[in-house]
Amino acid sequence: MVLGMQLSQVSDLLTQEQANLTHQKKKLEGQISARQQAEEASQESQNELKEMIETLARKLNEKSKEQMELHHQNLNLQETLKRVANCSAPCPQDWIWHGENCYLFSSGSFNWEKSQEKCLSLNAKLLKINSTADLDFIQQAISYSSFPFWMGLSRRNPSYPWLWEDGSPLMPHLFRVRGAVSQTYPSGTCAYIQRGAVYAENCILAAFSICQKK
């Protein structure tokens, strides 16, 4: 009877121990499973991160190619603009292009004849205004200055018509010559433009000038 009780106690202990082992096993399996899930999640996160990095690198490479292409296009555009400028505005350095002509505003003042000679030395003539558009351009160009500028317009005396250097007469609708129009000077009467208006004056006086050529 005592032996039976001992066997029963041993059996209970074994059962309890087995239950403990089973519990520990399940707990360990749970921990292992959780770790595996964490590792899988970590691996998945790493894969996602790797994919994001690869995507960003690919986009960056594409943007770099686009930027390089834009850079080349910009260089080509600049070269094209230079060629167009050379074709469209064939004026020498310091000359201003307008319409079909190039204009040079002198930096020194001389009498009308000397100003004419300086323009001729540059293969040009003194300013000739052929249209209201030309007049508007010149008025705008000299609006910054209060100085007079000789034009290629002159006459011998008040009884003669105003003539340009090429011998063509002044078209009266373009502008009216003001100032000493009735005066007679031994060297002739010449016209200058100042502050948008045209005046008559003695040709021996010094003034700035405007040269013009095709």
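No gaps in the numbering here: position 68 of the sequence shown is 68 in full-length UniProt numbering, and each next residue is one more.
Ideal Cβ positions, reconstructed from N, Cα and C, are used throughout, including at glycine.
Handout entry: Inter-residue spacing [alpha-carbon to alpha-carbon] between Leu-126 and Gln-116
Key = Taking the straight line joining both Cα atoms gives about 6 angstroms.
Next item on the list: Pull up the distance between the alpha-carbon of Ala-200 and that of Gly-179, whole angstroms please.
Entry: Taking the straight line from one Cα to the other gives about 5 angstroms.
Flag this pair as yes or no: are the beta carbons of His-173 and Asp-134 separated by less than 9 angstroms?
-> Against a cut-off of 9 angstroms, the Cβ pair of Asp-134 and His-173 comes out as no contact.
Check your understanding: Under a Cβ-count criterion, where at least 16 other Cβ atoms within 10 Å of its own Cβ denotes burial, should Gln-212 be classed as buried or exposed?
Key -> Buried is the call here.
Every unbroken alpha helix (DSSP H) within the UniProt domain "C-type lectin" (98-212), with a cutoff of 4 residues, ordered by chain = With a minimum length of 4 residues, the continuous alpha helix (DSSP H) runs that stay inside the UniProt domain "C-type lectin" (98-212) are 112-121, 132-141.
Among residues of its own chain, excluding the 5 on either side of Leu-170, which ones have a beta-carbon nearer than 8 angstroms to its beta-carbon? Counting only residues of its own chain and dropping the five nearest sequence neighbours on each side, Leu-170 has a CB closer than 8 angstroms to the CB of Leu-153, Pro-161, Trp-162, Leu-163, Trp-164, Val-177.
Give me the residue from Met-151, Gln-93, Ser-159 with the minimum Cα distance to Cys-119.
Closest by C-alpha distance to Cys-119, out of Met-151, Gln-93, Ser-159, is Met-151.
Beta carbon of Arg-195, beta carbon of Ile-138: below 9 angstroms?
Arg-195 places its beta carbon 9 angstroms or farther from that of Ile-138.
| message | To the nearest angstrom, how far is the alpha carbon of Ile-53 from that of Glu-40? | response | Distance between the alpha carbons of Ile-53 and Glu-40 is about 20 angstroms.
TODO: Output the distance between the C-alpha atoms of Thr-22 and Ala-38, rounded to the nearest integer angstrom.
DONE: About 24 angstroms.
Practice task
Taking the CB atoms as reference points, tell me whether Phe-149 and Phe-105 lie closer together than 9 angstroms.
Solution key: Contact flag set, yes.
Checklist entry - Straight-line CA distance for Lys-63 to Asn-47? => result Distance from the CA atom of Lys-63 to the CA atom of Asn-47, rounded to whole angstroms, is 24 angstroms.
Among the candidates Ala-207, Arg-156, Tyr-192, whose CA atom is the shortest distance from the CA of Pro-186? Checking every option, the nearest Cα to that of Pro-186 belongs to Arg-156.
Would Lys-26 pass as an interface residue toward chain D - the criterion being a Cβ-Cβ separation below 9 angstroms? Of the protein chains in this structure there is only one, and it is not chain D.
Could you tell me if Ser-42 is buried or exposed, where buried requires 16 or more neighbouring beta carbons within 10 angstroms of its beta carbon? Under this definition Ser-42 is an exposed residue.
**Prompt:** Is the CB-CB distance between Ser-109 and Ala-197 below 9 angstroms?
**Reply:** No, they are not a contact pair.
Compute the beta-carbon to beta-carbon distance between Ile-210 and Tyr-103, rounded to the nearest angstrom, for a pair I have assumed lies under 8 angstroms. About 6 angstroms separates the two Cβ atoms, so the contact holds.
- Message: Distance check for Lys-65 and Ser-33, CA to CA, integer angstroms please.
- Response: Each residue's Cα considered, the two are about 47 angstroms apart.
Problem - Integer Cβ distance of Asn-111 from Ile-193, believed to fall under 8 angstroms - result: Beta-carbon to beta-carbon, Asn-111 and Ile-193 are separated by about 16 angstroms, too far to satisfy the 8 angstroms threshold.
Same chain, Cβ closer than 8 angstroms to Ser-146, neighbours up to 5 away in sequence not counted:
Once the five neighbours on either side are set aside, the close Cβ partners of Ser-146 are Gln-194, Arg-195.
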